[in-house]
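Chains as they are written, first to last, in the numbering used here: chain A, 537 to 1014; chain B, 537 to 1014. From the three backbone atoms N, C-alpha and C, an ideal C-beta is built for every residue, glycine too. Predicted model, so just to flag it, every value in this text is computed and none were measured. Let me begin by presenting the structure, written as C-alpha cells, before commenting on it.
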C-alpha cells in the first residue's frame, strides 16, 4: 500500500466548517497562520440550519441602541443559573467578560441587528426585532439579577443561521483560508511523541493527508445523529428527533478520544418540546398527573427540560377560548386542539388524568390569578388571568405543523447534544490527567462548553464561535 | 532506568478484589487458569461495606422456601422498568435467565439465607429475614408484572457486605488464586499489536509488572470518590456523600480508556435520600412546592431519585402523631422532627412552602385515603389513612443519626456511580467501533452494567458478581 498523497501543508488544519470551525479558521488566518479548513459536506453545518440567535450581552451596542443597560456580572449571574446546575465557570466567566467584543466581531463580518426589542415569549419571534428575551425576565431569575434581554438576532426573516454562516464563510475565504468541501477526515496523524501533526482524509474517492505544522482544530459538531453514541451517553434523546444538518455523528469526538482526549458531560443535551409558548403563557402547561410544573413564561427550552427530563408525560397546553384567540393563527405553528371541552372533568377523562387533578390545578391557578400572584411558580402577573370554559388542550407530543399539511409526526421532542471533548479555555484537548494533547484543539459541540445541565438559545452558536476563535488563535501559536 | 521486576507470571491478572474481581478470579481459577488478583488495599472494596443484598430471582431456592413463585420473565419485566429507562437489554436478559444458577453459586460459597420474608418497607430490615421486597409490590410495577420479592439477604445482622466478601475471598484463596494486597496498578502493558499482556504496579514501594498470558480483568469499582471525574461526568453527585470504601477513584476506568476502551452512561448514578421509609409510607413525601411526587411505598432508591433528580427541594416527610408512633424508635434511624405543628399553614410558613400548597396536597390525600385509592400515585391502600393534626415534619436533607450523637451532617444525599467502561456480555472492553480490546476485560462498577437510569438495591453486587464470573471465564479462555 502506498502512502496517501499529501494534499496540503498548512500551519493549522480545521476539521468541520460550522460556526466553531469557521471562527477558528478565520482567527487563525488573521493571526498569520496558513490555514486549511475541511468539511465533509459544504460549509455551514448544523449552524446554517439553526435559528441564528446569539446569546450576547454585558452592554453590547445593540443593547445600548435598545436602551437596555447590562454588564458582564448580570449576564454571568443569569447564565450561571440558566445553564446550570454546574456550568463551566471558567469558560462562562470569559464568555461574559468578552461578550461585547464578540458582538463587534460579528458586526465586523457584516452582520446587522435591528435595534428593537421583541417583548413576547417565543421560540422564534414573528417580527424582525434584533433583540429578544431568552428567559431573563422570568422567575426565578428575576430574583437573582436585574432582567436584561440578551437574545441577539441577525437581521433576516425567520431562521438566521444561514446568514450567519454565509457571512462567516465569506470572511474565512477572504482571510485566505483554503476551504476544502467534500473532504471527510478519517484519522489524526500523530508523531512519535504523540503530537498531532496532521489529518488523514477521504476526498473525491482518494485517501489524502493534510499536514498541520502548528495544530489541528476539531469542530465537527455533536453526536445527536449517531444512534449508538446517543444510546451510550445521552439516552434522554433516544427515539426523539434531532436538531442538526443530519451529520452530527460524533466522528470528531471519537478522533479526539483516539488521540488521547477525554470526554465531559456527555449526557447533557438541549431538549425542545413542541409547545407554542404564546399559547402556554396565556394558559398553563400540565403534566400527566394533571399538575402544573413550571412558570410558562420561562425560556421555552427551560419548560421543555422541566417536562421531558423531570415530569411524567404526556404534556399538554391548556388554554381557554380567549387565550387561543389572543394568538394570531400564523403564530400557532399549525397546532390544533386535541380536545375542546366545556368542563375540566371531561378533559381529565379524555386525557386519562387522575380524576379531579386538573380541577384542583385550575382552581388554584384561578385563585392565584384573581389575586395577581402565581404562588407556585411566580409567572409574571401580566400573563395571569382566571381561565374559563370552554377549554382547549394542545398535546405537546404531537409536534408542530407550520405548513398546515395535517402531518404532525414524531414524538414532539427534539434535541441535540452538549457534551464532548474536555478542553481548556483555549480549546486545548485535555487528556485524563488534564494535560493538553500536543497539537490538538477543539471547539463547538464537539466539546463540552459553557453549559451545565441547562441550555438557552444562542449559547451554542455563542460559545462555538467564542471558543472557536480562541482555539484558532491558540492553534496558530498566538 | 532498569525494567521493573516481573513479580508474577499468570494466565489472568485481576485488578481489584471487590465482588466483581473476586467473582472473576474465582471463576478463572476454577476454569484452570493461573490467576493473580491484586488490590491496592485489602480484599473487600466497597462491596464489603455495602448492605449485602443481592437482587436475584426467577425461582431461586430461597424464593421457593418462602412460598414465592417467580420466573425469569417476571424478573425481567420488573427490572426493565425499575432500572430504566433504557437498561442494557442484552445483559439484563442474561442476568435474569441465569439468576437461579447464580443464587446456587452463592450458596456454594457457604452463604446462607433465612427462609422468611420481611414484609415492610425499609432500606435495611430490622429483622434477619432472608427475603425482602425491593419495590416490586408498588405502583406502577404492580400493573406490569405479578409482584414477587427478590431481595436476597445473606444471613447476618445488619449490613451483609462483609460476610459476602469474607466468603468470596476465602473461596478465591481456596481455588488457588494468588492474592496480592497493597498492590496498586498504575498501567496496562500492551504488546505491539495492542493486546493487553500485563499490568504495571506499585507494590511495597517498588515498581513491578505482572504478566497476563490470557487476559487482564479490571474490577476497580466506580468513580464516586474522584471529584474531578464526578464533575466531568456525574454532576448530580457534586457536593453529596459517597457510598464507598473511599477508594472508588475511577483509576481502572481511566486505565481501560488509555488502552482503547470507551465509556458508557457515565452520568448514571444511584442516589439515596436520608428518608426513613417506614415513616414516609405512613405519611407522605413532599417537595419544595408542597406537592407529593411519588407513591411512598416504592423502593426507597426510587423515591430518592424522584426527589433529587426531578423535584425542587428541600424534601420532607410529613407524618401525623399516629404514624410517628407506629414506627419503633430504633427503626427511626435517629431522625427527629424539624417541625411539629397543629396546622398545615404553620408547616407551610416554617418550611417556606407556597401558601396553601400543603393544605391542598393533604386535602387531596385525605379524600383519597378515605376512599381507599391514591388517585395520583396508587400507593398500596394498606398504607392509606387520612392524616390528622398534630403533624411532624422530618427534613430529608439533614441525614440520619442512628447512633443518636445529635450530629446529622452532610446534605442528606449520598450515592455512587453506575457508568464506566463499555463491555460485551462477556466482559470484553469495547473500543469506539465496538471491537474488543484484545486481552482486556472488566466487570462491576468500573463498567456500565445492566442499569439504565434507575437503580435497585442488590443489582450492583448482583451484576458485579454475575458479569464478573463471565469476565473471569472469558479471560481464562473458556
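Next on the checklist: For the pair the region 779-795 of chain A and the region 932-943 of chain A, tell me if three or more CB-CB distances fall below 8 angstroms.
Outcome noted: no
Next on the checklist: Taking DSSP's pairing of strands, which residues face residue 877 of chain B in a bridge?
Outcome noted: Residue 877 of chain B sits at position 341 when you count from the first residue of the second chain. Its beta-bridge partners are B/927.
Checklist entry - Do residue 670 of chain A and residue 653 of chain A come within 8 angstroms of each other at the CB atom, strictly closer than that value? => result Indexing the first chain from 1 puts residue 653 of chain A at position 117. Indexing the first chain from 1 puts residue 670 of chain A at position 134. No, Cβ-Cβ distance for residue 653 of chain A and residue 670 of chain A is not below 8 angstroms.
Next on the checklist: To test your reading of the DSSP string, which unbroken alpha helix (DSSP H) runs of 4 or more residues are found completely within the region 548-582 of chain B?
Outcome noted: 555-566
Checklist entry - If you run the structure through DSSP and keep just helix, strand and coil, what is residue 893 of chain A? => result Along the first chain, read from residue 1 onward, the residue named residue 893 of chain A stands at position 357. Residue state, collapsed to three classes: helix.
Checklist entry - Cβ of residue 622 of chain B less than 8 angstroms from any chain A Cβ? => result Position 86 of the second chain, counting from 1, holds the residue named residue 622 of chain B. Output row for residue 622 of chain B: interface = yes.
Checklist entry - Under a CB-based cut-off of 8 angstroms, is residue 730 of chain B close to chain A? => result As a first step, residue 730 of chain B is located in the second chain; it is residue number 194 there, counting from the start. No, residue 730 of chain B does not count as interfacial toward chain A.
Checklist entry - Taking Cβ-Cβ distances shorter than 7 angstroms, what residues in chain A pair up with residue 586 of chain B? => result Stepping through the second chain from its first residue, residue 586 of chain B is reached at position 50. Near residue 586 of chain B there are no residues of chain A at all, since even the closest Cβ is about 25 angstroms away, more than 7 angstroms.
Item to check | residue 835 of chain A, enclosing alpha helix (DSSP H) - first and last residue | outcome: The sequence position of residue 835 of chain A within the first chain is 299, counting from 1. From DSSP, residue 835 of chain A is part of no alpha helix (DSSP H); its letter is neither H nor E.
Next on the checklist: Contact defined as beta carbons within less than 8 angstroms: I believe residue 720 of chain A pairs with residue 738 of chain A. What is the distance between those atoms, to the nearest angstrom?
Outcome noted: Here residue 720 of chain A refers to the residue found at position 184 when the first chain is read from its first residue. Here residue 738 of chain A refers to the residue found at position 202 when the first chain is read from its first residue. Rounded, the Cβ-Cβ distance is 5 angstroms, consistent with contact.
Item to check | Short-range partners of chain B found in the region 757-773 of chain A, where Cβ spacing is below 8 angstroms | outcome: 764, 767, 768, 769 and 771
Item to check | Residues that residue 802 of chain B contacts on chain A, provided the C-beta gap is smaller than 8 angstroms | outcome: Translated into positions along the second chain, residue 802 of chain B becomes position 266. Residues of chain A passing the Cβ test: 769, 799, 802 and 803.
Next on the checklist: Counting C-beta neighbours from all protein chains within 10 Å, is the total for residue 1012 of chain A 16 or more, i.e. buried, or is it exposed?
Outcome noted: By 1-based counting over the first chain, the position of residue 1012 of chain A is 476. Burial call: buried.
Checklist entry - What distance in whole Å lies between the Cβ atoms of residue 853 of chain A and residue 898 of chain A, which are believed to be in contact at a cut-off of 8 angstroms? => result To locate residue 898 of chain A, count along the first chain from 1; it is residue 362. To locate residue 853 of chain A, count along the first chain from 1; it is residue 317. The Cβ separation is near 13 angstroms, so there is no contact.
Checklist entry - What is the DSSP secondary structure of residue 537 of chain B, reduced to helix, strand or coil? => result Counting from one through the second chain, the residue named residue 537 of chain B turns up at place 1. Low per-residue confidence applies at residue 537 of chain B: pLDDT is 44, beneath 50, and the placement is therefore not dependable, though the value from the model is reported in the following sentence. Reduced to three states, the DSSP call for residue 537 of chain B is coil.
Item to check | Minimum length 3: unbroken beta strand (DSSP E) runs contained in the region 704-762 of chain B | outcome: 714-716, 719-726, 732-739 and 742-754
Next on the checklist: Short of 6 angstroms in beta carbon distance, which residues of its chain neighbour residue 1005 of chain B, apart from the five on each side in sequence? Order them along the chain.
Outcome noted: For the purposes of this step, residue 1005 of chain B is taken as the residue at position 469 of the second chain. Excluding residues within five positions, the ones whose Cβ falls inside 6 angstroms are 559 and 563.
Checklist entry - Pairing CB atoms from the region 861-874 of chain B with CB atoms from the region 824-832 of chain B, are three or more of them under 8 angstroms? => result no
Checklist entry - Which chain A residues are close to residue 911 of chain B, counting only those with a beta carbon under 8 angstroms from its beta carbon? => result Position 375 of the second chain, counted from the start, is the residue given in the question as residue 911 of chain B. Correct list: 890, 891, 892 and 893.
Next on the checklist: What does DSSP give as the partner residue(s) for residue 804 of chain A in the beta ladder?
Outcome noted: For this step, residue 804 of chain A is matched to residue 268 along the first chain. BP columns for residue 804 of chain A are empty, so no partner.
Item to check | Cβ separation of residue 598 of chain A and residue 651 of chain A, assumed to be a contact under 8 angstroms, to the nearest whole Å | outcome: For the purposes of this step, residue 598 of chain A is taken as residue 62 along the first chain, with counting starting at 1. For the purposes of this step, residue 651 of chain A is taken as residue 115 along the first chain, with counting starting at 1. At roughly 6 angstroms, the Cβ-Cβ gap stays under 8 angstroms, so residue 598 of chain A and residue 651 of chain A are in contact.
Item to check | Neighbour-count burial assignment, residue 770 of chain A, 16 or more Cβ in a 10 Å radius | outcome: Within the first chain, residue 770 of chain A is the residue found at index 234, counting from 1. Answer is buried; the Cβ neighbour count reaches 16.
Checklist entry - Where do the ends of the beta strand (DSSP E) carrying residue 977 of chain B lie? => result Mapped onto the second chain, residue 977 of chain B falls at position 441. Where residue 977 of chain B is concerned, the enclosing beta strand (DSSP E) stretches over 972-978.
Checklist entry - What is the rounded straight-line gap between the Cα of residue 537 of chain B and the Cα of residue 630 of chain A? => result Here residue 537 of chain B refers to the residue found at position 1 of the second chain. Here residue 630 of chain A refers to the residue found at position 94 of the first chain. Only weak support exists for where residue 537 of chain B lies, its pLDDT of 44 falling under 50; the coordinates are left without a value.
Next on the checklist: Using 8 angstroms as the threshold, is the C-beta distance between residue 957 of chain A and residue 995 of chain A below it?
Outcome noted: For this step, residue 957 of chain A is matched to residue 421 along the first chain. For this step, residue 995 of chain A is matched to residue 459 along the first chain. Cβ atoms of residue 957 of chain A and residue 995 of chain A: not closer than 8 angstroms.
Checklist entry - Among the residues of its own chain, which have a CB less than 7 angstroms from the CB of residue 621 of chain A, if the five just before and after it don't count? => result Taking the first chain and counting its residues from 1, the one referred to as residue 621 of chain A is at position 85. The residues are 988 and 989.
Checklist entry - Can you round the beta-carbon distance between residue 708 of chain B and residue 815 of chain B to whole angstroms, since I take them to be within the 8 angstroms contact cut? => result Start at 1 with the first residue of the second chain, and residue 708 of chain B comes out as number 172. Start at 1 with the first residue of the second chain, and residue 815 of chain B comes out as number 279. Residue 708 of chain B to residue 815 of chain B, Cβ: 41 angstroms. No contact.
Checklist entry - Does residue 794 of chain A get closer than 8 angstroms to chain B when you measure Cβ to Cβ? => result Here residue 794 of chain A corresponds to residue number 258 of the first chain, with the count starting at 1. At least one chain B Cβ lies under 8 angstroms of residue 794 of chain A.
Item to check | Supposed contact pair residue 975 of chain B and residue 733 of chain B - C-beta distance, whole angstroms, cut 8 angstroms | outcome: On the second chain, residue 733 of chain B is found 197 positions in, with the first residue counted as 1. On the second chain, residue 975 of chain B is found 439 positions in, with the first residue counted as 1. Contact holds; Cβ gap of about 6 angstroms.
Item to check | Segment contact flag, the region 800-807 of chain B with the region 947-954 of chain B, C-beta cutoff 8 angstroms, min 3 pairs | outcome: yes
Checklist entry - chain B beta carbons: is any one of them nearer than 8 angstroms to that of residue 716 of chain A? => result Translated into positions along the first chain, residue 716 of chain A becomes position 180. So, not an interface residue.
Item to check | Pick from A/602, A/663, A/589 and A/879 that is closest to residue 684 of chain A, judged by C-alpha positions | outcome: Taking the first chain and counting its residues from 1, one reaches residue 684 of chain A at position 148. Selected option, being the one with the closest Cα: A/602.
Checklist entry - Mind checking residue 677 of chain B: buried by the 16 CB within 10 Å criterion, or exposed? => result Position 141 of the second chain, counted from the first residue, corresponds to residue 677 of chain B. Under this definition residue 677 of chain B is a buried residue.
Checklist entry - Are at least three pairs of beta-carbons, each pair with one atom in the region 921-930 of chain A and one in the region 830-838 of chain A, less than 8 angstroms apart? => result no
Item to check | Proximal residues of chain D, C-beta to C-beta of residue 790 of chain B below 7 angstroms | outcome: Note that chain D does not occur in the displayed structure, where the protein chains are A and B.
Next on the checklist: Assuming residue 779 of chain B is part of the beta strand (DSSP E), what are its boundary residues?
Outcome noted: To locate residue 779 of chain B, count along the second chain from 1; it is residue 243. Unbroken run through residue 779 of chain B: none, as it is neither H nor E.
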